[in-house]
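In my numbering, the protein residues as written are 36 to 420.
Note that the Cβ used here is the ideal one computed from N, Cα and C, for glycine as well.
Here's the structure we're looking at; comments come further down.
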């Protein structure tokens with residue numbers, strides 16, 4: 036198998052990836068049914084050097100743009116939504132760290148060298164049972180205690196996507212003896228690091244979003260990589276990996292239902308059900324939503340790519356609106372697709388059931404719908420005093 040670093044342009048990358056992920060689609064039902072983690076998919080992604088594509092060129096990566104990343108993530112999502120959402124966190128975080136340079140350069144180089152050479156994977160571990168979503172501003176109960184040469188980290192994180200295969204965890208913790216909250220880089224092989232298999236949900240069952248348990252884990256001083264302001268979030272274009280995942284899932288559902296309609300010919304009609312006006316109405320409505328949201332999503336991603344850092348800071352509302360629109364309309368697309376297929380869409384082995392459950396998970400990815408709507412309302416009031 037070749038690798039994506041050897042490909043010279045985005046079209047070649049997309050074609051190569053589309054062929055590669057065919058096997059992901061074949062395995063998706065099994066992992067969904069078992070609630071198991073698709074280790075094979077991530078072995079494949081590492082073998083084609085996918086994890087390093089979003090590393091900036093000056094650090095040895097390919098430095099792909101946000102739009103290019105979304106195009107690739109959409110391809111993966113059509114095959115397996117869980118895999119797309121999971122690898123998307125790594126890809127986006129690596130990208131934004133390279134853009135913002137908030138970490139010590141030496142530490143970032145250590146990590147991305149591992150990513151490029153070995154396919155190492157990284158994700159944030161911020162959610163906790165007591166604090167809920169970190170976007171709500173709760174102070175973490177995970178603690179960091181200063182010791183000679185570093186910090187001792189103790190706590191438990193929930194929803195740690197990719198946990199079964201992560202090499203690095205970026206953990207938020209309250210600094211004991213101060214009001215500070217910081218992010219700490221924690222390597223999987225350190226003493227006191229453990230993952231507990233707790234992920235058992237209706238949707239996105241194969242993301243491996245298990246609990247991370249930290250018992251007096253010692254990290255270096257320089258692994259205190261960033262000081263945080265609880266509840267404050269910069270505009271984050273990379274989070275568009277979330278809506279593009281749900282767009283990909285909805286597209287897969289629509290493709291399945293359209294193909295089923297083209298090939299289903301009950302003896303009560305001439306031709307197939309694709310000829311029926313009520314079926315065409317549902318397919319047409321779903322396609323309209325798909326096209327409209329895809330244009331919205333990629334228009335905003337291209338604007339992000341072409342904007343300065345100052346301009347990007349003013350894009351929070353657009354980014355939130357895209358996520359809200361895509362995720363909610365993805366659910367409608369899947370629902371319409373199931374109505375076309377009928378009761379057969381409820382069969383255990385039918386992929387539409389998985390798509391239906393998976394798109395629901397998008398409601399619980401950041402930013403949350405209520406926060407987006409409130410922010411849009413406030414901005415409208417401000418424009419119209």
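What's the gap between the Cα of residue 37 and the Cα of residue 146?
What you label residue 37 is simply residue 2 of the chain shown in a count that begins at 1. What you label residue 146 is simply residue 111 of the chain shown in a count that begins at 1. When rounded, the distance between both Cα atoms is 23 Å.
Bounding residues of the alpha helix (DSSP H) (the contiguous stretch that carries residue 333):
If you number the chain shown from 1, residue 333 lands on position 298. Residue 333 -> alpha helix (DSSP H) spans 312-341.
Using a Cβ-Cβ cut-off of 6 Å (strictly less than) and excluding sequence neighbours within five positions of residue 232, which residues of its own chain qualify?
Indexing the chain shown from 1 puts residue 232 at position 197. Cβ within range, chain order: 245.
Can you list the alpha helix (DSSP H) stretches of 4 or more residues lying completely in the segment 46-130, in chain order?
57-69, 74-82, 101-114
Own chain residues within Cβ distance below 6 Å of residue 45, not counting five before or after
Residue numbering aside, residue 45 sits at position 10 when the chain shown is read from its first letter. Excluding sequence neighbours, residue 45 sits near 103.
Short Cβ contact (8 Å threshold) for residue 210 with residue 254:
For the purposes of this step, residue 210 is taken as residue 175 along the chain shown, with counting starting at 1. For the purposes of this step, residue 254 is taken as residue 219 along the chain shown, with counting starting at 1. No, the pair does not count as a contact, with Cβ atoms beyond the cut-off.
Cβ-based burial, residue 328 [other Cβ within 10 Å; buried from 16]
Stepping through the chain shown from its first residue, residue 328 is reached at position 293. So residue 328 counts as buried.
Going by DSSP, what residues sit across from residue 207 in a beta bridge?
What you label residue 207 is simply residue 172 of the chain shown in a count that begins at 1. According to DSSP, residue 207 bridges with 218.
According to the Cβ coordinates, are residue 212 and residue 256 closer than 8 Å?
Here residue 212 is taken as the residue at index 177 of the chain shown, counted from 1. Here residue 256 is taken as the residue at index 221 of the chain shown, counted from 1. Not a contact, by the Cβ cut-off of 8 Å.
Classification of residue 381 by the beta-carbon crowding that lies within 10 angstroms, buried from 16 upward
Here the question's residue 381 lines up with position 346 in the chain shown. Here residue 381 is exposed: its Cβ has fewer than 16 other Cβ atoms, across all protein chains shown, within 10 Å.
Please state the DSSP three-state secondary structure of residue 192.
Mapped onto the chain shown, residue 192 falls at position 157. DSSP places residue 192 in strand when its eight states are reduced to three.
Among 57, 115, 81, 41, the one whose alpha carbon lies nearest that of residue 282
Numbered from 1 along the chain shown, position 247 holds the residue referred to as residue 282. The residue with the shortest Cα to Cα distance from residue 282 is 115.
Considering just the uninterrupted stretch of the alpha helix (DSSP H) at residue 367, what are its terminal residues?
Locating residue 367 in the chain shown gives position 332, counting from the first residue. 351-376 is the extent of the alpha helix (DSSP H) around residue 367.
Sequence-distant residues of the same chain with beta carbon closer than 6 Å to residue 206, five excluded per side
Along the chain shown, read from residue 1 onward, the residue named residue 206 stands at position 171. Around residue 206, the same chain offers 160, 219, 221 as residues with beta carbons nearer than 6 Å, after the five sequence neighbours per side are excluded.
In the DSSP assignment, what are the bridge partners of residue 228?
Residue mapping note: residue 228 aligns to position 193 of the chain shown, counting from 1. In the DSSP output, where bridge partners are listed per residue, residue 228 has 249.
First and last residue of the beta strand (DSSP E) that includes residue 262?
Counted from its first residue, the chain shown places residue 262 at position 227. Residue 262 -> beta strand (DSSP E) spans 259-263.
Going along the chain, which residues of its own chain have a beta-carbon closer than 6 Å to the beta-carbon of residue 285, five neighbours each way excluded?
Numbered from its first residue, the chain shown carries residue 285 at position 250. 365, 368, 369.
8 Å contact criterion, which residue 129 and residue 150 should meet: CB distance rounded
Taking the first residue of the chain shown as position 1, residue 129 is located at position 94. Taking the first residue of the chain shown as position 1, residue 150 is located at position 115. Right, the Cβ-Cβ distance comes to about 6 Å (below 8 Å), so this counts as a contact.
Boundaries (first-last residue) of the beta strand (DSSP E) holding residue 197:
Position 162 of the chain shown, counting from 1, holds the residue named residue 197. Residue 197 -> no beta strand (DSSP E), and no H or E assigned at all.
Return the CA-CA distance between residue 387 and residue 280, expressed in angstroms with no decimal places.
For the purposes of this step, residue 387 is taken as residue 352 along the chain shown, with counting starting at 1. For the purposes of this step, residue 280 is taken as residue 245 along the chain shown, with counting starting at 1. Near 16 Å, if we compare the C-alpha coordinates of residue 280 and residue 387.
Please tell me whether residue 52 and residue 336 are closer than 8 Å, where the distance is taken between their beta carbons.
To locate residue 52, count along the chain shown from 1; it is residue 17. To locate residue 336, count along the chain shown from 1; it is residue 301. No, they are not a contact pair.
Measure the alpha-carbon distance for residue 193 versus residue 42 and round it to whole angstroms.
In the chain shown, the residue the question calls residue 193 occupies position 158. In the chain shown, the residue the question calls residue 42 occupies position 7. Taking the straight line from one Cα to the other gives about 37 Å.
Are residue 230 and residue 247 close, meaning C-beta to C-beta below 8 Å?
Numbered from 1 along the chain shown, position 195 holds the residue referred to as residue 230. Numbered from 1 along the chain shown, position 212 holds the residue referred to as residue 247. Yes; because the gap between Cβ atoms is below 8 Å, this pair is in contact.
Contact check, residue 48 vs residue 107, beta carbons under 8 Å
As a position in the chain shown, residue 48 is number 13, starting the count at 1. As a position in the chain shown, residue 107 is number 72, starting the count at 1. Yes; because the gap between Cβ atoms is below 8 Å, this pair is in contact.
Who pairs with residue 186 in a beta bridge, going by DSSP?
One-based indexing of the chain shown puts residue 186 at position 151. For residue 186, which the question treats as bridged, DSSP gives the partners 181, 254.
Let me make sure I understand the geometry here. Which of 412, 341, 419, 291 has the alpha-carbon closest to that of residue 377?
Along the chain shown, read from residue 1 onward, the residue named residue 377 stands at position 342. Looking at the Cα atoms, 291 is the closest of the given residues.
If I follow the unbroken alpha helix (DSSP H) through residue 289, where does it start and stop?
If you number the chain shown from 1, residue 289 lands on position 254. Here the alpha helix (DSSP H) through residue 289 covers 276-298.
Top-ranked residue by Cα proximity to residue 271, from 239, 131, 88, 163
Along the chain shown, one-based indexing puts residue 271 at 236. When the alpha-carbon of residue 271 is set against those of 239, 131, 88, 163, the nearest one is in 131.
Taking residue 181 as the reference, which of 251, 91, 332 has the closest Cα?
For the purposes of this step, residue 181 is taken as residue 146 along the chain shown, with counting starting at 1. In this structure, 251 is the residue among 251, 91, 332 with its C-alpha nearest to the C-alpha of residue 181.
Let's see if you can read the secondary structure: which residues bound the alpha helix (DSSP H) around residue 160?
Residue numbering aside, residue 160 sits at position 125 when the chain shown is read from its first letter. Looking at the DSSP string, residue 160 is not in any alpha helix (DSSP H); the run it does join, the beta strand (DSSP E), is 157-160.
Just checking my contact of residue 228 with residue 175 at CB under 8 Å: how many whole Å lie between their CB atoms?
Working through the chain shown from its first residue, we reach residue 228 at position 193. Working through the chain shown from its first residue, we reach residue 175 at position 140. The Cβ separation is near 17 Å, so there is no contact.
Determine the extent of the alpha helix (DSSP H) in which residue 386 is found, giving its start and end residues.
By one-based count along the chain shown, residue 386 stands at place 351. It spans 386-395 - the alpha helix (DSSP H) in which residue 386 sits, taken as one unbroken run.
Distance, residue 241 Cα to residue 142 Cα
Position 107 of the chain shown holds residue 142. Position 206 of the chain shown holds residue 241. Cα-Cα distance, rounded: 30 Å.
Are the Cβ atoms of residue 400 and residue 277 separated by less than 8 Å?
Taking the first residue of the chain shown as position 1, residue 400 is located at position 365. Taking the first residue of the chain shown as position 1, residue 277 is located at position 242. Yes.
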